[in-house]
Amino acid sequence: MRGQRRARRRGKGSLVRTVHSPAFINRKIPFFEFLDEAGLELIEDQAEWLMQEVGIEFQDDPEALTLWRAAGADVTDTRVRAPRGMVRKLCTTAPRQFTQVARNPDRSVSIGGTSQIFAPVYGAPFVRDLQGGRRYGAMTDFERLIKLTYQLPSLHHGGFVTCEPCDVPVSKRHLDMLYVHMRYSDKAHLGAITTKERAEDSVAMARIVFGEAFLESHCVILGNVNTNSPLLVDKVVTEAIRVYCGAGQGIIVAPFVLSGAMGPVSTAGSIAQALAEAMMCCAYSQLVRPGAPFILGNFLSSMNLRSGAPTFGMPEPVMSNYIVGQLARRLGLPLRCGGALTSSKLADAQAAYESSDSMHSTALAGSHFTLHAAGWLEGGLCTGFEKLVMDADRLGAYQVLLDGLPLDIDTLARDAYGEVQPGGHFLGSSHTLRHYQTAFFEAQLSDSENVENWEERGSEDMQQRAFKRWNKLLDSYIPPPMDSALDDALKEFVAKRKAELPDQWY
Numbered sequence: 370m371r372g373q374r375r376a377r378r379r380g381k382g383s384l385v386r387t388v389h390s391p392a393f394i395n396r397k398i399p400f401f402e403f404l405d406e407a408g409l410e411l412i413e414d415q416a417e418w419l420m421q422e423v424g425i426e427f428q429d430d431p432e433a434l435t436l437w438r439a440a441g442a443d444v445t446d447t448r449v450r451a452p453r454g455m456v457r458k459l460c461t462t463a464p465r466q467f468t469q470v471a472r473n474p475d476r477s478v479s480i481g482g483t484s485q486i487f488a489p490v491y492g493a494p495f496v497r498d499l500q501g502g503r504r505y506g507a508m509t510d511f512e513r514l515i516k517l518t519y520q521l522p523s524l525h526h527g528g529f530v531t532c533e534p535c536d537v538p539v540s541k542r543h544l545d546m547l548y549v550h551m552r553y554s555d556k557a558h559l560g561a562i563t564t565k566e567r568a569e570d571s572v573a574m575a576r577i578v579f580g581e582a583f584l585e586s587h588c589v590i591l592g593n594v595n596t597n598s599p600l601l602v603d604k605v606v607t608e609a610i611r612v613y614c615g616a617g618q619g620i621i622v623a624p625f626v627l628s629g630a631m632g633p634v635s636t637a638g639s640i641a642q643a644l645a646e647a648m649m650c651c652a653y654s655q656l657v658r659p660g661a662p663f664i665l666g667n668f669l670s671s672m673n674l675r676s677g678a679p680t681f682g683m684p685e686p687v688m689s690n691y692i693v694g695q696l697a698r699r700l701g702l703p704l705r706c707g708g709a710l711t712s713s714k715l716a717d718a719q720a721a722y723e724s725s726d727s728m729h730s731t732a733l734a735g736s737h738f739t740l741h742a743a744g745w746l747e748g749g750l751c752t753g754f755e756k757l758v759m760d761a762d763r764l765g766a767y768q769v770l771l772d773g774l775p776l777d778i779d780t781l782a783r784d785a786y787g788e789v790q791p792g793g794h795f796l797g798s799s800h801t802l803r804h805y806q807t808a809f810f811e812a813q814l815s816d817s818e819n820v821e822n823w824e825e826r827g828s829e830d831m832q833q834r835a836f837k838r839w840n841k842l843l844d845s846y847i848p849p850p851m852d853s854a855l856d857d858a859l860k861e862f863v864a865k866r867k868a869e870l871p872d873q874w875y
């Protein structure tokens with residue numbers, strides 16, 4: 370849905386219209402249908418063939434194999450083969466749409482159906498900004514990124530690893546990160562998944578915030594995992610599914626398929642493989658707990674076959690977004706795609722081209738949960754402070770696009786033609802005056818003034834304006850309220866667990 374707009378003044382009386390996002394977007398435009406029925410059936414048939422004849426490895430987790438045997442799958446050593454139709458049937462108990470409840474109920478997000486939400490970059494070990502340059506992420510960087518995400522209305526969800534705080538031991542950093550999310554933002558967020566114990570800590574801290582009974586009937590936290598393509602599901606995935614889904618919470622599973630390496634070089638083959646891997650994980654989540662929320666993910670990338678480097682914003686992954694969107698809707702599952710993806714090291718023209726093509730296809734494809742919607746640089750290795758706010762600025766435009774075109778007598782402006790004669794203009798008409806503050810989206814960071822005004826203000830480029838923007842946001846940051854007893858309980862849990870864990874840096 371289109372958020373309320375307000376006008377604020379910027380120099381010399383000019384008006385800037387900004388879109389204020391609701392908790393999530395209610396899409397009003399049709400989904401983009403890329404493949405016809407015959408093409409979709411071919412890919413689905415290939416996925417069924419992979420699951421029945423080739424099978425998926427479920428390694429290092431005997432409990433997962435036991436569940437599959439009990440369900441009637443063919444389990445040979447660690448290879449699981451499912452009869453045609455079995456996996457699809459198991460997927461039917463996963464909800465088509467569900468709500469992740471946020472600490473602030475007004476920020477709870479609906480996932481699935483016609484709802485769409487945007488979340489920031491996830492997993493980057495490095496950060497970059499105009500003043501500090503490129504460096505390993507630290508807890509101070511992480512905290513600043515969470516505060517920025519909280520303040521950016523076009524980001525509906527906090528994600529989790531907005532950057533890796535590399536100055537805290539790996540064994541303990543998830544605790545500090547969860548606390549920062551829970552204390553300095555009241556948006557919904559993800560939890561840790563890298564070990565079973567870290568996933569359990571995530572659910573335990575969510576129980577402190579929401580109460581144990583509430584978690585039995587509400588989703589408040591999600592895990593986000595990747596299969597080990599090709600055709601391998603390791604225990605990081607299966608244990609995360611058991612922890613989150615077993616507690617009535619949700620899981621996102623996105624096969625990370627680099628076509629030509631972790632999947633066939635043909636895009637159709639890679640899409641079918643990704644579908645098979647994700648469907649097997651969805652089925653497994655329903656074996657753990659029927660009705661547990663599941664989000665089917667797609668992260669298919671093309672690659673430079675000379676260097677092996679992934680490429681983003683290219684036509685092949687764009688097509689995969691559209692097609693996997695169709696396949697997910699046929700399964701009745703919410704979809705997760707990547708967002709503003711780029712290989713560029715800087716927030717430059719390359720980043721703009723690649724990110725916009727990637728994000729546009731993600732939005733039109735109907736991605737319900739778009740991770741990496743803002744801040745992604747360097748193939749996901751780096752979070753850019755400037756790019757975070759630049760991408761978030763553009764997400765406001767996507768919000769308007771997804772809201773569709775309002776059509777009624779007023780928007781068709783019939784009354785204006787009574788005032789405006791042929792060859793005249795509409796600038797002073799009553800219709801224009803009624804709508805001039807809300808008629809068009811205007812990005813906060815774009816400069817559309819004449820060159821003289823631009824030069825008078827210092828000839829700043831987009832990155833320089835973005836640098837000022839995020840620093841201003843941090844200067845004005847006010848934390849959301851939290852009961853002191855709840856804050857103390859979270860701190861006590863973190864301190865206790867950190868005391869129990871040895872320092873590990875890898």
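Residue numbering for the sequence shown follows the working numbering, beginning at 370 and increasing consecutively. Every residue, glycine too, gets a C-beta built ideally from N, C-alpha and C.
Between which residues of its own chain and residue i is the CB-CB distance below 7 angstroms, once the five residues before and five after are set aside?
i    : result
E581 : none
T607 : F427, D430, A433 and Y653
F401 : Y691, L733 and A734
C460 : M648, C651, A652, Q655, L700 and L702
K516 : Y553, L843 and Y846
E829 : none
A616 : V572 and L584
G380 : For G380, the predicted structure reports a pLDDT of 35, less than 50, and the residue's modelled location is therefore unreliable. The matter cannot be settled from this model.
Just the Cα atoms here: how many angstroms apart are residue i and residue j?
i    : j    : result
A652 : V456 : 6 angstroms
A858 : E410 : 52 angstroms
C532 : T752 : 6 angstroms
R448 : L436 : 13 angstroms
P633 : A709 : 24 angstroms
G592 : G619 : 7 angstroms
L740 : F663 : 15 angstroms
G701 : E821 : 54 angstroms
V388 : G773 : Reliability of the predicted coordinates at V388 is poor, the pLDDT of 39 falling under 50, and no value is obtained from them.
M672 : R705 : 21 angstroms
G797 : A637 : 54 angstroms
L559 : Q466 : 17 angstroms
K860 : D726 : 42 angstroms
K714 : S730 : 22 angstroms
F511 : G408 : 44 angstroms
L544 : A557 : 17 angstroms
R371 : F403 : Reliability fails at R371, whose pLDDT of 33 lies under 50, so the model's placement of it is uncertain and the value that follows must be treated cautiously. So the alpha carbons of these two residues sit roughly 26 angstroms apart.
A442 : T509 : 48 angstroms
D717 : S724 : 10 angstroms
Is residue i helix, strand or coil when you go by DSSP?
i    : result
Y505 : strand
C706 : strand
Q719 : helix
N673 : coil
E811 : coil
C751 : strand
V863 : helix
L601 : strand
D844 : helix
A474 : With the sequence shown as reference, residue 474 is identified as Pro, and Ala is not the correct amino acid for it. Reduced to three states, the DSSP call for P474 is helix.
F403 : coil
L591 : strand
G382 : With a pLDDT of only 33 at G382, under 50, the local geometry of the prediction cannot be trusted, and no value is derived from it.
V693 : helix
Q469 : strand
R371 : Low per-residue confidence applies at R371: pLDDT is 33, beneath 50, and the placement is therefore not dependable enough to give any value.
R377 : Unreliable placement is indicated for R377, whose pLDDT of 35 sits below 50; the coordinate value is still reported in the next sentence. Of the three classes helix, strand and coil, the one that applies to R377 here is strand, per DSSP.
S635 : coil
E426 : strand
W902 : Because the chain spans 370 through 875 in this model, residue 902 falls outside it and cannot be assessed.
T564 : coil
Excluding the 5 residues preceding and the 5 following residue i in the sequence, name in chain order all residues of the same chain whose CB lies nearer than 6 angstroms to its CB.
i    : result
F836 : L499 and E755
R396 : T483, Q485 and L771
T518 : P489, L524 and G527
V470 : S477, H587 and V589
F579 : V589
N473 : D555
So, for residue i: in the same chain, excluding its five sequence neighbours on each side, which residues have a beta-carbon less than 8 angstroms away from its beta-carbon?
i    : result
R438 : V444
A568 : G560, A561, I562, G592, E608, A609, V612 and Y613
With residue i and residue j assumed to form a contact (beta carbons below 8 angstroms), what rounded beta-carbon distance in angstroms separates them?
i    : j    : result
F668 : A623 : 5 angstroms
W823 : V758 : Contact doesn't hold; Cβ gap of about 19 angstroms is too wide.
R450 : G424 : 4 angstroms
T711 : L746 : 7 angstroms
I480 : A641 : Actually they do not touch by this definition, with Cβ atoms about 25 angstroms apart.
inquiry  = Check whether the region 524–539 and the region 772–786 are in contact - that is, three or more C-beta pairs closer than 8 angstroms.
reply    = With the cut-off at 8 angstroms, the region 524–539 and the region 772–786 do not touch.
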